[in-house]
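Start counting at 1 in the sequence shown, then tack on 567, and there's your number in the working numbering. Working notes, structure below.
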Amino acid sequence: MSESRATAPRQTVKRQKYPVGVLGATGSVGQRFVTLLADHPWFEIAALTGSERSVGRPYGEAVRWAQEAALPPEVASMEVLPTKAPLHTKAPLPCKLLFSALGSNVAKDAEVELATAGHTVVSNASSHRMGHDVPLIVPEVNPDHLALAEEQPWDGALFTNPNCSTIGLVMALKPLFDAFGLDAVHAVTLQAVSGAGLSGVPSMSIVDNLIPYIGGEEEKIESETQKILGRLEDGAIDPAPVTVSASVNRVPVIDGHTECVSVRLGRPASLEEVHEALASFTAAPQELGLPSAPERPILVTTEPDRPQPRLDRNAGRGMAATVGRLRPCPILDYKFVVLSHNTLRGAAGGALLVAELAVAKGLIS
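As structure tokens, this is what we get:
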């Protein structure tokens, strides 16, 4: 693949290993967390939680393991704990930092209870993303929003990871927003089946087919983009005044969300200027040398038929966004295709990067 490359200075940030827990560890995103944490230089798994069906069993027996990497033996032997333990202690789980892969129906109450008990929860669930005092973080895009957690009423804290399609979109929008401003965004997504979970889309519904509907997804992309690109002022987020229109589709791809995007810029810019803004973009995770951060968060390809999920989803160890087919738009200003890995950058990997940023900023001790 032909890429435009930019080199950013990287600092080495060394920390002790933090004991962490994974909430909802048996599901698809929970398994991704387990895989990514197995050899993480900063974090080590100290607790795994699951549903009543799994509680009390060894993790290796409770989980239907569906990852390419083998289940680490030391994790397989760990006992699955209840997520909503009685709050008879300051911290009902044996670690302060928790990664949540809970379903939204469970996360709504459980994450608040755990934050109240003193835990720091980094959540992949949608339940609290739009809370007025809850940071919704893409570390390369809005690291300053971490400070919003200071407005939370709990002894602990709650940080959230955006929708998997929102993440790839805002990564591509951020350098344009900063350099030229943005007035309008139109995005059409082609979303992989893994985004619906291990058993989310029946094979007879998706094979030889496309489903032009994912409940609540369009609204999430539109509102989350405005919050993430918004400004933090006086302890609140002022949403970015960008009109966002999203149309979503589920397609028969295993991993990798593709988005066809058109943008109207805030001021005129040449195609070369837009290309350079994307290709040269780096941010706080690259400057800090965070373990999960890709060296270049955006890879720009000039090949006419890229990006493609099978070829490009693992760019930057699955943490980079690939932008291609950048060209003028006859209705707005420019259009392009952006691809990102939905269960790595868009889920577990993105949440790990949020936690790494919080550690590097001294917000998790």
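Beta carbons are placed, not taken as given, at the ideal position from N, Cα and C, and that holds for glycine.
Checklist entry - Where does G588 fall in DSSP's three states? => result To locate residue 588, count along the sequence shown from 1; it is residue 21. Strand.
Checklist entry - Where do the N-terminal and C-terminal ends of the alpha helix (DSSP H) with H824 fall, by residue? => result Numbered from 1 along the sequence shown, position 257 holds the residue referred to as residue 824. Here H824 belongs to no alpha helix (DSSP H); instead the beta strand (DSSP E) covers H824 to L832.
Next on the checklist: Does F747 come out as helix, strand or coil in the three-state DSSP assignment?
Outcome noted: Position 180 of the sequence shown holds residue 747. Residue state, collapsed to three classes: helix.
Checklist entry - What is the residue span of the beta strand (DSSP E) that A813 lies within? => result By one-based count along the sequence shown, residue 813 stands at place 246. The continuous beta strand (DSSP E) containing A813 extends over residues T810 to S814.
Checklist entry - Quick one: Cα of I931 to Cα of P779, how far? => result To locate residue 931, count along the sequence shown from 1; it is residue 364. To locate residue 779, count along the sequence shown from 1; it is residue 212. I931 and P779 have their C-alpha atoms some 41 angstroms from each other.
Item to check | 8 angstroms contact criterion, which V937 and N691 should meet: CB distance rounded | outcome: A query on residue 937 cannot be resolved here, the shown segment of the chain reaching from 568 to 932 and no further.
Checklist entry - For K584, does the count of other Cβ atoms within 10 angstroms reach 16, so buried, or fall short, so exposed? => result Mapped onto the sequence shown, residue 584 falls at position 17. Taking all protein chains in view, the Cβ of K584 is surrounded by fewer than 16 other Cβ atoms within 10 Å, so the residue is classified as exposed.
Next on the checklist: Based on DSSP bridge pairs, tell me the residues matched to K902.
Outcome noted: Counting from one through the sequence shown, the residue named residue 902 turns up at place 335. Answer is S829 and R894, bridged to K902.
Item to check | Q719, DSSP secondary structure in three states | outcome: For the purposes of this step, residue 719 is taken as the residue at position 152 of the sequence shown. When secondary structure is reduced to three states using DSSP, Q719 falls in the coil class, being assigned neither helix nor strand.
Next on the checklist: Can you tell me where the alpha helix (DSSP H) holding D676 begins and where it ends?
Outcome noted: Here residue 676 corresponds to residue number 109 of the sequence shown, with the count starting at 1. For D676, the enclosing alpha helix (DSSP H) has its first and last residue at S671 to T683.
Checklist entry - Do you know how far the Cα of V815 is from the Cα of R894? => result Here residue 894 is taken as the residue at index 327 of the sequence shown, counted from 1. Here residue 815 is taken as the residue at index 248 of the sequence shown, counted from 1. Each residue's CA atom was taken as its position, placing R894 and V815 some 22 angstroms apart.
Checklist entry - My guess is that N881 and S761 are in contact by the Cβ rule of under 8 angstroms, so how many angstroms apart are they, rounded? => result Here residue 881 refers to the residue found at position 314 when the sequence shown is read from its first residue. Here residue 761 refers to the residue found at position 194 when the sequence shown is read from its first residue. So it is not a contact: roughly 14 angstroms between Cβ atoms.
Checklist entry - Below 8 angstroms, can you find three or more Cβ-Cβ pairs linking the segment 850-861 to the segment 828-835? => result Proximity of the segment 850-861 to the segment 828-835 falls short of the contact definition, fewer than three beta-carbon pairs being nearer than 8 angstroms.
Item to check | Runs of alpha helix (DSSP H) wholly within the segment 745-804 (minimum 4 residues, chain order) | outcome: Along the segment 745-804, the alpha helix (DSSP H) occurs as fully enclosed runs of 4 or more residues at 770-773 and 784-795, listed in sequence order.
Item to check | S907 and A888 closer than 8 angstroms at C-beta | outcome: Taking the first residue of the sequence shown as 1, we reach residue 907 at position 340. Taking the first residue of the sequence shown as 1, we reach residue 888 at position 321. Taking a C-beta distance under 8 angstroms as the contact criterion, S907 and A888 qualify as a contact pair.
Next on the checklist: So the candidates are A643, F747 and A682; which of them puts its Cα closest to the Cα of V841?
Outcome noted: Taking the sequence shown and counting its residues from 1, one reaches residue 841 at position 274. Comparing Cα-Cα distances from V841 to each of A643, F747 and A682, the minimum goes to F747.
Checklist entry - In whole angstroms, what is the alpha-carbon distance linking G670 and E839? => result Reading the sequence shown from its first residue, position 103 is the one you call residue 670. Reading the sequence shown from its first residue, position 272 is the one you call residue 839. Answer to the nearest angstrom: the Cα atoms are 43 angstroms apart.
Checklist entry - Helix, strand or coil: which one does DSSP assign to V689? => result What you label residue 689 is simply residue 122 of the sequence shown in a count that begins at 1. Note: V689 maps to strand in three-state DSSP.
Checklist entry - Between V705 and E826, is the Cβ-Cβ spacing less than 8 angstroms? => result As a first step, residue 705 is located in the sequence shown; it is residue number 138 there, counting from the start. As a first step, residue 826 is located in the sequence shown; it is residue number 259 there, counting from the start. For V705 and E826, no; Cβs fall outside 8 angstroms.
Checklist entry - Under the three-state reduction of DSSP, which class applies to L654: helix, strand or coil? => result Here residue 654 corresponds to residue number 87 of the sequence shown, with the count starting at 1. For L654, the predicted structure reports a pLDDT of 46, less than 50, and the residue's modelled location is therefore unreliable. A value from the coordinates is still provided. Judged by DSSP in its simplified three-state form, L654 adopts coil rather than helix or strand.
Item to check | Where S732 falls: helix, strand or coil (DSSP) | outcome: Within the sequence shown, the letter at position 165 stands for residue 732. The three-state reading of DSSP puts S732 in helix, counting H, G and I together.
Checklist entry - How is S859 classed by DSSP in three states: helix, strand or coil? => result Along the sequence shown, one-based indexing puts residue 859 at 292. In the three-state DSSP reduction, S859 falls in the coil class, being neither helix nor strand.
Item to check | Sub-8 angstroms separation of V809 and A850 beta-carbons | outcome: For the purposes of this step, residue 809 is taken as residue 242 along the sequence shown, with counting starting at 1. For the purposes of this step, residue 850 is taken as residue 283 along the sequence shown, with counting starting at 1. 8 angstroms or more divides the Cβ of V809 from the Cβ of A850.
Next on the checklist: Taking only three categories from DSSP, how would you classify R873?
Outcome noted: Counted from its first residue, the sequence shown places residue 873 at position 306. Three-state DSSP puts R873 in coil, outside helix and strand.
Item to check | DSSP state of V622 mapped onto helix, strand, coil | outcome: Position 55 of the sequence shown, counting from 1, holds the residue named residue 622. In the three-state DSSP reduction, V622 falls in the coil class, being neither helix nor strand.
Item to check | Beta-carbon proximity of D722 to G698, cut-off 8 angstroms | outcome: Stepping through the sequence shown from its first residue, residue 722 is reached at position 155. Stepping through the sequence shown from its first residue, residue 698 is reached at position 131. With contacts defined by Cβ atoms closer than 8 angstroms, D722 and G698 do not form a contacting pair.
Checklist entry - Between which two residues does the beta strand (DSSP E) carrying A613 extend? => result In the sequence shown, residue 613 corresponds to position 46, counting from 1. For A613, the enclosing beta strand (DSSP E) begins and ends at F610 to G617.
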